[in-house]
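In this note's numbering, the protein residues as written are 888 to 1057.
To keep things clear, I will list the structure first and then write my remarks on it.
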């Protein structure tokens, strides 16, 4: 899959492409979000977990290293410009993200660690026994709500959440 990166992303070392920053939950598509967002920072101030921070070009982004998203909806309520919104469906998924566990994971390297599985309320991360006494983490993307709870507890910083193959809600 080819990814388009612009000059500023290249110079910053951001080779993941345009959607490397995770926008607040219930964001419109990336292009609609950046058109509608006035960079007023109301969503940043409204987030009780303080996971919405200032991203590149002044747009809000999510920082899961601080805490997890509780999907309280305070950021949506604070957004006066409709860059965030449930549309007409309050059951709409907050975002379409995919969880990834890197090879630096302690469990994958024979060290007993189940921090991510223990904190996951959705039971989206389970461990399967493998050779040499290892338990390998397995992610069920269908169960994962991308709350980010697993990221801040990972001692080896081996978990990442990135925009998935599905498009964000429009």
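Cβ coordinates follow ideal geometry from the N, Cα and C atoms, glycine included.
For residue 994, no alpha helix (DSSP H) segment is defined, and its DSSP state is neither H nor E. Annotation for residue 1013: 1004, 1024, 1025 and 1027 place their beta carbon closer than 8 Å to its own, counting only its chain and skipping 5 residues before and after.
Closest option to residue 972, judged by alpha-carbon separation, among 1033, 1046 and 912: 912. Linking residue 966 to residue 943 through their CA atoms gives a straight-line distance of about 19 Å. The secondary-structure analysis by DSSP pairs residue 1013 across a beta bridge with 1025.
Distance from the CA of residue 957 to the CA of residue 981, rounded to the nearest whole angstrom, comes to 11 Å. Cα atoms of residue 1045 and residue 1029: separation of roughly 20 Å, rounded to the nearest angstrom.
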